[in-house]
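Going by this note's numbering, the first residue of the sequence shown is number 345, and it counts up by one from there. Here a beta-carbon is modelled for each residue, glycine too, at the ideal position from N, C-alpha and C. For clarity, every value in this text was computed on a predicted model and none was experimentally measured. Have a look at the structure below, then the notes.
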Amino acid sequence: MREFRPPVRPSVFRTVLAVVLPLVVLVPMGGLLFFALGITQASYKIADGSLMVKSGDWLAGRRYVLLADVTEAAPVALRGGRRTAGTALPGYCTGRFSYAEVGAVWQVTDCSRRTVLVRARGQDLPIVVTPPDPAAFVEAIHAGTPTDIVLPPADKGPLRLIAFVVAPLAIVTVLMVAALMLMGPGRMRYLVGDGALEVRTLFGRKRWPTAGARAKAYTPAQMWRVMGTAAPGYRTGLFRESGQSTRVYATAVDRVVLFEGPERVIVSPEDRVEMLRALEAEGVTIERHAV
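Below, the structure written as structure tokens:
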């Protein structure tokens, strides 16, 4: 089979896109995976004259309060909280929230309304928690009674779906796109022989029989991408050209070869004269008058 290569034209935009696009996707997706794996159970502990509230959320962190610094601890019914920074999963609300009744708070709760509000010197915000028995927890704070409460695990179902299904797919897709931008043009090949035209790209190949086909040198009209890649200097996939569905495998679209067989195909060989001769040798009808 005879092999033909397309011209490879440098493109600053394509290179920048190949570098920036993975960063835009990988950083937040990686953070999401780390976040999903990092959430553990929240807990409240009263011991040694102090209250320790652990969010189990690496974003929200924890709070340590000396009981001697507590100025208020009381059961409070809160509703309609608005999250300003933190995490809100079913049964797991941590971070900074705001309520009409008390204003801004830092909370580690199961998202229920029956809460305990703790104010203490040295804390920039009141602390809100949801122990199983609010009144008993308030008494334990005032008396310094050792208490250890662990909240049920967070329902990470929706987060897991995003982190372990959507994120990997997004990461694989963006890496493939980056590879296409950087290596795709140099790896594209056109092969003519054995009764077929074959196009090889970075991730696959397509083949069309030459029997009964026509081909010509061609200058395409405006092409509209239907499915595939349409970056400067690299176009592959299904396009609309001159009102017709067309498979395009080209690095340049000003001087191409139009192959019309089982499908309409546009390729951009560096030497299109020799490619047309090779196609003619395989039985393809060549239109000589085309431009």
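Between residue i and residue j, is the Cβ-Cβ spacing less than 7 Å?
{"i": "Phe441", "j": "Pro576", "result": "no"}
{"i": "Arg346", "j": "Val536", "result": "yes"}
{"i": "Gly587", "j": "Ala557", "result": "no"}
{"i": "Pro419", "j": "Ala479", "result": "yes"}
{"i": "Pro564", "j": "Val597", "result": "yes"}
{"i": "Leu526", "j": "Ala362", "result": "yes"}
{"i": "Ala561", "j": "Arg551", "result": "no"}
{"i": "Asp413", "j": "Arg463", "result": "no"}
How would you call residue i, buried or exposed, if buried means at least 16 neighbouring beta carbons within 10 angstroms?
{"i": "Phe348", "result": "buried"}
{"i": "Glu618", "result": "exposed"}
{"i": "Asp401", "result": "buried"}
{"i": "Leu422", "result": "buried"}
{"i": "Glu416", "result": "exposed"}
{"i": "Thr431", "result": "buried"}
{"i": "Arg579", "result": "buried"}
{"i": "Arg406", "result": "exposed"}
{"i": "Glu585", "result": "buried"}
{"i": "Gly425", "result": "buried"}
{"i": "Leu620", "result": "buried"}
{"i": "Ala622", "result": "buried"}
So who's on the other strand from residue i, going by DSSP bridges?
{"i": "Pro419", "result": "Val460"}
{"i": "Phe583", "result": "Arg569 and Thr590"}
{"i": "Val609", "result": "Arg591 and Phe603"}
{"i": "Ala391", "result": "Ser394"}
{"i": "Arg440", "result": "Ala429 and Trp450"}
{"i": "Ile630", "result": "Ala559"}
{"i": "Arg407", "result": "Val397"}
{"i": "Phe348", "result": "Tyr534"}
{"i": "Ala574", "result": "Arg579"}
Tell me, to the nearest whole angstrom, how far the beta carbon of residue i is from that of residue j; I am working on the premise that it is less than 8 Å.
{"i": "Gly435", "j": "Ala498", "result": "6 Å"}
{"i": "Asp454", "j": "Thr438", "result": "So it is not a contact: roughly 10 Å between Cβ atoms."}
{"i": "Met532", "j": "Pro354", "result": "Wrong, their Cβ atoms sit about 15 Å apart, outside the cutoff."}
{"i": "Leu365", "j": "Val510", "result": "That belief does not hold up - the Cβ atoms of Leu365 and Val510 are roughly 17 Å apart, past 8 Å."}
{"i": "Ala528", "j": "Thr545", "result": "Reading off the sequence, residue 528 comes out as Gly, not Ala. Indeed, because the Cβ distance is near 7 Å, the residues count as touching under 8 Å."}
Which full runs of the beta strand (DSSP E) of 3+ residues lie inside the stretch 447–505, going along the chain?
-> 447–453, 458–464, 471–473 and 491–494
Output the residue ranges of the beta strand (DSSP E) runs that lie fully inside the stretch 510–566 and measure 3 residues or longer, sorted by chain position.
-> Those beta strand (DSSP E) runs which fall completely within the stretch 510–566 and span 3+ residues are 533–537, 540–545, 548–553 and 558–562.
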